[in-house]
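**Student:** Numbering that gives the first Met the number 0 puts the sequence shown at residues 0 to 256.
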Amino acid sequence: MGRLVPAVTRALDILELFLDGDGTLSAPDIVRKLQLPRTTVHELVTTLAARSYIVPVPGQPGRYRLGVRPYQLGSRYAEQLDLAAEGQQVARSVAETCDETVHVAILEGTDVIYIAKVDSTHAVRMVSAAGRRLPAHCTSVGKMLLASLPEPELAARIPDDVELVAMTPNSITDPDLLREALAEIRARGIAVESRESNPDVSCVAAPVLDRAGRVVAALSISVPMIRWSDERRVELEQLVAKGAADLSERLGHRSVA
Numbered sequence: 000m001g002r003l004v005p006a007v008t009r010a011l012d013i014l015e016l017f018l019d020g021d022g023t024l025s026a027p028d029i030v031r032k033l034q035l036p037r038t039t040v041h042e043l044v045t046t047l048a049a050r051s052y053i054v055p056v057p058g059q060p061g062r063y064r065l066g067v068r069p070y071q072l073g074s075r076y077a078e079q080l081d082l083a084a085e086g087q088q089v090a091r092s093v094a095e096t097c098d099e100t101v102h103v104a105i106l107e108g109t110d111v112i113y114i115a116k117v118d119s120t121h122a123v124r125m126v127s128a129a130g131r132r133l134p135a136h137c138t139s140v141g142k143m144l145l146a147s148l149p150e151p152e153l154a155a156r157i158p159d160d161v162e163l164v165a166m167t168p169n170s171i172t173d174p175d176l177l178r179e180a181l182a183e184i185r186a187r188g189i190a191v192e193s194r195e196s197n198p199d200v201s202c203v204a205a206p207v208l209d210r211a212g213r214v215v216a217a218l219s220i221s222v223p224m225i226r227w228s229d230e231r232r233v234e235l236e237q238l239v240a241k242g243a244a245d246l247s248e249r250l251g252h253r254s255v256a
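(1) How many Å lie between S51 and R68 at the Cα?
(2) Write down the C-beta distance between A135 and V111 rounded to the nearest angstrom, noting that I regard them as a contact closer than 8 Å.
(3) Alpha carbon to alpha carbon, how far is R231 from L163? Give it in angstroms, no decimals.
(4) Looking at C-alpha atoms only, which residue of D19, Y70, V7 is the closest neighbour of T39?
(5) Should G4 be labelled buried (16 or more other beta-carbon atoms within 10 Å of its own) or exposed?
(6) Excluding the 5 residues preceding and the 5 following R132 in the sequence, name in chain order all residues of the same chain whose CB lies nearer than 6 Å to its CB.
(7) If distances are taken between C-alpha atoms only, which option among S254, S119, H41, C137 comes closest to L181?
(8) My output table needs one value for S139: the three-state DSSP class, helix, strand or coil.
(9) In terms of residue numbering, what span does the beta strand (DSSP E) encompassing V215 cover?
(10) Might you give, ordered along the chain, the residues of its own chain that have their beta carbon closer than 6 Å to the beta carbon of A83, omitting 5 neighbours on each side?
See the structure below:
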């Protein structure tokens with residue numbers, strides 16, 4: 000674990016003080032409660048106010064309340080909770096149809112995090128768990144999410160001169176080859192991963208959109224190679240696209256006819 004940054008810790012301590020009492024505080028209140036130097040508190044309060052984390056209370060000079068930014072962060076957190084809950088329901092429905100392992104994942108940096116998962120009932124199945132993190136470029140959900148990024152953002156996350164980590168001999172480690180794969184995924188609207196994160200598993204994935212049409216997650220179906228074939232892949236591509244569309248609709252997305 001990395002070192003904690005004292006200034007950030009103090010700023011968060013100040014924000015958490017607003018959870019108690021009437022929700023308003025003055026700089027002297029903060030000095031007293033946190034036992035911090037007045038100069039430090041003044042600088043932190045000024046910074047938090049400049050970023051809209053706290054705002055002056057009208058008619059009460061020197062007192063502050065929470066601003067709009069914590070509300071926006073909380074709303075985004077709530078959206079993710081809804082996504083996880085809705086994703087679990089859709090994943091269950093898809094898994095009941097194909098009896099394979101189904102995941103819903105989001106992108107964080109250059110990794111994917113699985114936020115929902117339903118297992119296959121087969122004795123031979125993919126072993127994973129909600130909350131697991133994997134390199135995005137090694138997974139179908141990750142490649143689907145990377146393919147949705149604007150080019151400048153993709154370049155910032157995956158520079159041309161970086162060598163990507165390999166999870167199996169089939170993993171893509173060259174950024175140029177990854178970009179070629181992502182271009183194909185954008186054109187098809189479906190991502191396929193063949194033994195790139197697990198030597199015994201292949202996956203298909205499709206994008207999940209929110210009400211504004213933004214790609215916020217991806218839904219995938221993972222299949223052991225003993226049950227994988229071209230015919231099976233085509234069948235699962237259709238199913239994963241339908242499942243992702245159903246989840247998108249639950250999140251408020253309306254496709255254009």
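Beta carbons are placed, not taken as given, at the ideal position from N, Cα and C, and that holds for glycine.
**Tutor:** Judging by the given coordinates:
(1) Numbered from 1 along the sequence shown, position 52 holds the residue referred to as residue 51. Numbered from 1 along the sequence shown, position 69 holds the residue referred to as residue 68. So the two alpha carbons sit approximately 6 Å from each other.
(2) Here residue 135 refers to the residue found at position 136 of the sequence shown. Here residue 111 refers to the residue found at position 112 of the sequence shown. Confirmed, Cβ separation roughly 5 Å.
(3) Locating residue 163 in the sequence shown gives position 164, where the first residue counts as 1. Locating residue 231 in the sequence shown gives position 232, where the first residue counts as 1. Approximately 29 Å between the Cα atoms of the pair.
(4) Start at 1 with the first residue of the sequence shown, and residue 39 comes out as number 40. Nearest option by C-alpha distance: V7.
(5) Sequence index remark: in the sequence shown, residue 4 carries index 5 (1-based). According to the sequence as given, residue 4 is Val; it is not Gly. The residue is exposed, with fewer than 16 neighbouring Cβ atoms inside 10 Å.
(6) In the sequence shown, the residue the question calls residue 132 occupies position 133. Hits under 6 Å: D110, I112.
(7) Residue mapping note: residue 181 aligns to position 182 of the sequence shown, counting from 1. Per the Cα distances, C137.
(8) The residue given as residue 139 occupies position 140 in the sequence shown. Helix.
(9) Within the sequence shown, residue 215 is the residue found at index 216, counting from 1. That run of the beta strand (DSSP E) goes 214-223.
(10) Working through the sequence shown from its first residue, we reach residue 83 at position 84. Result list for A83: I114, A115, in chain order.
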